[in-house]
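Going by our numbering, the first residue of the sequence shown is number 155, and it counts up by one from there.
All remarks here apply to the structure that follows.
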Amino acid sequence: MALQPFAKKIWLSSPTMHGEELEYMKQAYDTNWMSTLGENLNVVERLVCEKIGCNCAVPLTSGTSALHMAVKLAGIGKGDKVFCTDMTFAATVNAVLYEGGVPVFIDTERDTWNMSPEALEKAFELYPDVKVVVCAHLYGTPAKIDEIKAVCDKHGATLIEDAAESFGAVYKGKQTGAFGDYSALSFNGNKIITGSSGGMLLTDDFEAADKVRKWSTQSREAAAWYQHTEIGYNYRMSNVIAGIVRGQLPHLEEHIAQKKAIYERYKEGFKDLPVQMNPYDEKNSTPNFWLSCMIIDKDVMCRQKRGDNTAEFWKEPGKTCPTEILLNLAKYNTEGRPIWKPMHLQPVYANDQFVTLGEDVGADIFERGLCLPSDNKMTPDEQDKIIEIIKSCFK
Numbered sequence: 155m156a157l158q159p160f161a162k163k164i165w166l167s168s169p170t171m172h173g174e175e176l177e178y179m180k181q182a183y184d185t186n187w188m189s190t191l192g193e194n195l196n197v198v199e200r201l202v203c204e205k206i207g208c209n210c211a212v213p214l215t216s217g218t219s220a221l222h223m224a225v226k227l228a229g230i231g232k233g234d235k236v237f238c239t240d241m242t243f244a245a246t247v248n249a250v251l252y253e254g255g256v257p258v259f260i261d262t263e264r265d266t267w268n269m270s271p272e273a274l275e276k277a278f279e280l281y282p283d284v285k286v287v288v289c290a291h292l293y294g295t296p297a298k299i300d301e302i303k304a305v306c307d308k309h310g311a312t313l314i315e316d317a318a319e320s321f322g323a324v325y326k327g328k329q330t331g332a333f334g335d336y337s338a339l340s341f342n343g344n345k346i347i348t349g350s351s352g353g354m355l356l357t358d359d360f361e362a363a364d365k366v367r368k369w370s371t372q373s374r375e376a377a378a379w380y381q382h383t384e385i386g387y388n389y390r391m392s393n394v395i396a397g398i399v400r401g402q403l404p405h406l407e408e409h410i411a412q413k414k415a416i417y418e419r420y421k422e423g424f425k426d427l428p429v430q431m432n433p434y435d436e437k438n439s440t441p442n443f444w445l446s447c448m449i450i451d452k453d454v455m456c457r458q459k460r461g462d463n464t465a466e467f468w469k470e471p472g473k474t475c476p477t478e479i480l481l482n483l484a485k486y487n488t489e490g491r492p493i494w495k496p497m498h499l500q501p502v503y504a505n506d507q508f509v510t511l512g513e514d515v516g517a518d519i520f521e522r523g524l525c526l527p528s529d530n531k532m533t534p535d536e537q538d539k540i541i542e543i544i545k546s547c548f549k
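See the structure below:
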């Protein structure tokens with residue numbers, strides 16, 4: 155029997171709500187604490203600190219605002235170079251530009267699809283005066299963050315950890331977000347848990363946390379009137395958004411278990427295909443499996459061409475490519491997406507430096523990889539059908 159499109163769309167990763175979120179939102183409404191103070195905020199700060207193992211968690215409007223505050227704390231100014239993860243979402247790097255910094259992109263390593271510690275060391279040899287590194291954990295998989303931190307320590311550099319995609323992931327027994335001098339979480343709608351929006355700045359430095367609280371409240375001074383001696387931002391999370399996050403937090407490990415099951419079903423379903431799942435260090439790390447991804451073997455890649463906004467492919471028997479698979483998934487009312495396009499290939503960053511060990515690993519993963527439907531409300535039967543849709547592309 156021919157496969158039929160799903161009656162209800164299967165999303166890449168949509169919010170999974172449980173009911174407690176509404177109770178805490180209603181509590182904010184009933185007590186009239188609707189703005190940037192209230193019990194939900196206090197509880198979320200405490201719970202996240204306990205989960206991560208850090209001293210301070212400052213609730214903010216987004217993961218991007220948390221990254222911006224981290225870059226500002228690190229003292230980046232106009233013209234200062236910053237070493238950045240190359241294969242990531244643009245927000246990781248945009249925050250550097252907000253403070254006038256200049257990104258230098260560090261190539262990816264194949265073991266985790268994250269920043270290469272070896273390429274980072276090479277970057278310090280080329281630019282020994284750099285004092286800040288921004289490292290992201292891609293798709294919920296921890297980077298070799300201890301090696302990266304060791305390189306930073308060797309060169310006296312501040313480490314900013316972008317844990318927006320990896321909340322709940324563990325590396326060598328320690329939560330991601332706990333390795334950086336400053337770290338960022340995201341509660342965007344598609345993340346492992348959500349607030350519909352929102353993020354957090356994490357640090358062990360109480361003074362730094364207080365600075366962020368001030369900056370994110372328009373840098374208002376402690377005066378009876380509105381007094382300002384420095385530029386501020388409207389970055390504080392509301393008590394309503396915090397209510398959603400508060401209701402989601404007890405379900406974090408449940409969501410991770412569901413995401414892991416999805417990853418394992420794909421891995422089993424594709425065992426006879428010439429593909430690999432997004433890798434991780436099974437000995438030292440436990441991802442949160444936010445998104446399941448795959449990469450197609452080089453010898454079964456059909457020709458594809460990507461422009462700035464469009465893509466096309468040329469079908470060959472027994473071969474396929476991400477463009478064909480994504481188009482085929484869309485035909486069946488299912489959402490996938492390409493791997494993050496590396497920042498050094500983005501037009502906006504075309505003039506910035508890129509440090510590689512010789513092979514452009516990130517570009518290769520982007521060319522051959524894709525993100526699979528990873529919604530934790532997807533049933534095993536629905537996932538089995540998606541696996542069959544993908545298998546049909548190799549015929």
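Glycine included, every Cβ here is placed at the ideal spot set by N, Cα and C.
Given the structure is predicted, the values throughout are model-derived calculations rather than measurements.
Classify residue i as helix, strand or coil using the three-state DSSP reduction.
| i | result |
| --- | --- |
| Leu511 | coil |
| Cys306 | helix |
| Cys203 | helix |
| Ala363 | helix |
| Arg390 | strand |
| Arg264 | coil |
| Tyr218 | Checking the sequence shown, residue 218 turns out to be Thr, not Tyr. Correct three-state label for Thr218: helix. |
| Ile546 | For clarity, residue 546 is Ser in the given sequence; the question names Ile instead. DSSP places Ser546 in helix when its eight states are reduced to three. |
| Leu355 | strand |
| Pro534 | helix |
| Thr440 | strand |
| Thr474 | strand |
Give a yes or no on whether the C-beta atoms belonging to residue i and residue j are separated by under 8 Å.
| i | j | result |
| --- | --- | --- |
| Gly207 | Gln372 | no |
| Asp240 | Met497 | yes |
| Lys107 | Ser528 | Since the first residue shown for the chain is 155 and the last is 549, residue 107 is missing from the structure and cannot be characterised. |
| Ser270 | Leu499 | no |
| Glu466 | Lys459 | yes |
| Gly310 | Lys276 | no |
| Ala290 | Thr246 | yes |
| Gln430 | Ile449 | yes |
| Asn342 | Ser168 | no |
| Ile395 | Ile346 | no |
| Pro159 | Lys549 | no |
| Ile479 | Ile544 | yes |
| Asn209 | Asp358 | yes |
| Thr312 | Asp335 | yes |
| Ala338 | Asp307 | no |
| Ile398 | Met223 | no |
Identify the residues that DSSP records as bridge partners of residue i: which are they?
| i | result |
| --- | --- |
| Ser350 | Asn342 |
| Lys235 | Val256 |
| Ala290 | Asp316 |
| Glu466 | Lys459 |
| Lys285 | None; Lys285 has no bridge partner. |
| Ile230 | Looking at the DSSP assignment, Ile230 forms no beta bridge with any residue, so it has no partner. |
| Met431 | Met448 |
| Gln329 | Val324 |
| Cys525 | Cys447, Arg491 |
| Arg374 | His382 |
| His164 | Here residue 164 is Ile; the residue named in the question, His, does not match the sequence. Paired residue(s): Thr488. |
| Val212 | Leu355 |
| Met269 | Thr262 |
| Ser189 | Paired residue(s): none; Ser189 is not in a bridge. |
| Tyr336 | Ile314 |
Please report the distance separating the alpha-carbon of residue i from that of residue j.
| i | j | result |
| --- | --- | --- |
| Thr440 | Ala323 | 6 Å |
| Leu355 | Lys421 | 34 Å |
| Met188 | Phe321 | 26 Å |
| Ala161 | Asn487 | 8 Å |
| Lys437 | Lys303 | 19 Å |
| Glu263 | Phe243 | 17 Å |
| Lys226 | Val250 | 9 Å |
| Glu384 | Glu375 | 9 Å |
| Lys232 | Glu253 | 7 Å |
| Gly490 | Ile164 | 9 Å |
| Asn194 | Ser350 | 15 Å |
| Ala332 | Pro213 | 16 Å |
| Gln507 | Ile541 | 39 Å |
| Trp477 | Phe424 | Here the sequence assigns Thr to residue 477, which means Trp is not the residue at that position. Whole-angstrom Cα-Cα distance: 18 Å. |
| Asp184 | Leu191 | 14 Å |
| Val258 | Asp518 | 19 Å |
| His172 | Ala363 | 31 Å |
| Asn248 | Gly386 | 18 Å |
Can you round the beta-carbon distance between residue i and residue j to whole angstroms, since I take them to be within the 8 Å contact cut?
| i | j | result |
| --- | --- | --- |
| Val287 | Phe237 | 5 Å |
| Leu166 | Cys525 | 6 Å |
| Leu280 | Val509 | 7 Å |
| Glu177 | Gly401 | 7 Å |
| Asn432 | Tyr293 | 6 Å |
| Pro534 | Arg419 | 7 Å |
| Pro471 | Asp451 | 16 Å between Cβ atoms; not a contact. |
Quick one: does residue i have its CB under 8 Å from some CB of chain B?
| i | result |
| --- | --- |
| Lys421 | No chain B is part of this structure, which consists of one protein chain only. |
Report yes if the C-beta of residue i is less than 7 Å from at least one heavy atom of the ligand FMN; otherwise report no.
| i | result |
| --- | --- |
| Ile541 | No copy of the ligand FMN appears in this structure; indeed no ligand is present at all. |
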